[in-house]
Amino acid sequence: DAGVTQSPTHLIKTRGQQVTLRCSPKSGHDTVSWYQQALGQGPQFIFQYYEEEERQRGNFPDRFSGHQFPNYSSELNVNALLLGDSALYLCASSLGQGALTGELFFGEGSRLTVL
Amino acid sequence: AQKVTQAQTEISVVEKEDVTLDCVYETRDTTYYLFWYKQPPSGELVFLIRRNSFDEQNEISGRYSWNFQKSTSSFNFTITASQVVDSAVYFCALSVTSGSRLTFGEGTQLTVNP
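Chains as they are written, first to last, in the numbering used here: chain A, 7 to 121; chain B, 4 to 117.
1. Distance, Cα to Cα, residue 102 of chain A vs residue 78 of chain A?
2. Specify, as a first and last residue, the run of the beta strand (DSSP E) that residue 67 of chain B falls within.
3. What are the residues of the segment 37 to 51 of chain B that lie near chain A, defined by any Cβ-Cβ distance shorter than 9 Å?
4. Just grab the DSSP bridge partners of residue 9 of chain B for me.
5. On the DSSP bridge assignment, give the partners of residue 26 of chain B in chain order.
6. So residue 114 of chain B is in the beta strand (DSSP E); what residue range does that whole segment cover?
7. If you draw a straight line from the C-alpha of residue 13 of chain B to the C-alpha of residue 25 of chain B, how long is it?
8. Rounded to the nearest angstrom, what separates residue 73 of chain B and residue 79 of chain B at their Cα positions?
9. Please confirm whether residue 19 of chain B and residue 91 of chain B have their CB atoms less than 8 Å apart.
10. Does the pairing of the segment 45 to 56 of chain A with the segment 28 to 35 of chain A give three or more beta-carbon distances under 8 Å?
11. By Cβ distance below 8 Å, which residues in the same chain neighbour residue 8 of chain A in space, the five residues on each side in sequence not counted?
12. For residue 27 of chain B, collect the residues of the same chain with a Cβ closer than 6 Å to its Cβ; drop the 5 residues on either side in sequence, then sort them by chain order.
13. Between A/97, A/119, A/113, A/76, which has its C-alpha nearest residue 39 of chain A's C-alpha?
14. What in chain A is Cβ-close to residue 108 of chain B, meaning under 9 Å?
15. Determine the burial state of residue 104 of chain B: buried for a count of at least 16 other Cβ atoms within 10 Å of its Cβ, exposed for fewer.
16. To which residues does DSSP link residue 53 of chain B through a beta bridge?
17. Measuring alpha carbon to alpha carbon, tell me which of B/106, B/113, B/111, B/114 ends up nearest residue 35 of chain B.
18. My understanding is that residue 48 of chain A touches residue 108 of chain B, with C-beta atoms under 8 Å, so please give their C-beta distance in whole angstroms.
19. Straight-line CA distance for residue 85 of chain A to residue 66 of chain A?
20. Indicate whether residue 21 of chain B and residue 83 of chain B have their beta-carbon atoms separated by less than 8 Å.
21. Flag residue 98 of chain A as yes if its beta-carbon sits less than 8 Å from any beta-carbon of chain B, otherwise no.
22. Please classify residue 44 of chain A as buried or exposed, where buried requires at least 16 neighbouring CB atoms within 10 angstroms.
23. If you follow the beta strand (DSSP E) that residue 45 of chain B is in, where does it begin and where does it stop?
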């Protein structure tokens, strides 16, 4: 049973570029959330997708956008990259309302470095 | 707004010692959920426990135990007889909404030395 898979695992971009990160949820899960984890800090909630729509959003600018596909996989897009966007981006999947029905399952993350 | 504070940035112990990781939370909601996650060097967050605000019963799972006290807004985590494999960053987190929006603390880096 495959867990949450993310790609790419590492990538390097320069300021102003755009990046797309991908996530496949755990089998049977239909909800995907994205978190940003800066070095030495706790993860911060970016947004959640369910039924192909953004359901909740954290305090992130519109440069951060996402998408969920019919097979429940998801993409995180970040435009006009800033140095401060360098972080580990974590994808988490759950079945329905994650906090109520069970724990979130996290992937190993995509490490983004912006130069 | 919600807030989770893990005052201990780093803890270093010798194998077989007991260690307690502190977590203090802030929320005005009466219904909320508390979590502990472990983050090994590989990066993924591993779920350890979820506790809802109506259940203050302490829990023990093997060498792990959790002490939830609403009176002090604390949800502390104790590892008994620590092992080298316990070395990781541990995060306490809070959720007040249905869904997967968690507010994490800054984490505690636990190092268990042989």
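Glycine included, each C-beta is placed from N, C-alpha and C at the ideal position.
Owing to the predicted nature of the structure, the values given are computational and were not obtained by experimental measurement.
Well, looking at it:
1. 12 Å
2. 67 to 72
3. Contact annotation: in the segment 37 to 51 of chain B, residues whose CB is within less than 9 Å of a CB in chain A are 38, 40, 42, 45, 46, 47, 48, 49, 50, 51.
4. Note: residue 9 of chain B sits in no beta bridge, so no partner.
5. Paired residues: none, contrary to the question.
6. 111 to 116
7. 11 Å
8. 11 Å
9. no
10. no
11. Answer for residue 8 of chain A: 30, 32, 33, listed in chain order.
12. 8, 76, 77
13. A/97
14. Those within 9 Å of residue 108 of chain B in chain A are 48.
15. buried
16. Residue pairing of residue 53 of chain B in beta bridges, as defined by DSSP: B/38.
17. B/106
18. Confirmed, about 5 Å.
19. Answer to the nearest angstrom: the Cα atoms are 12 Å apart.
20. yes
21. yes
22. exposed
23. No beta strand (DSSP E) holds residue 45 of chain B; DSSP gives it neither H nor E.
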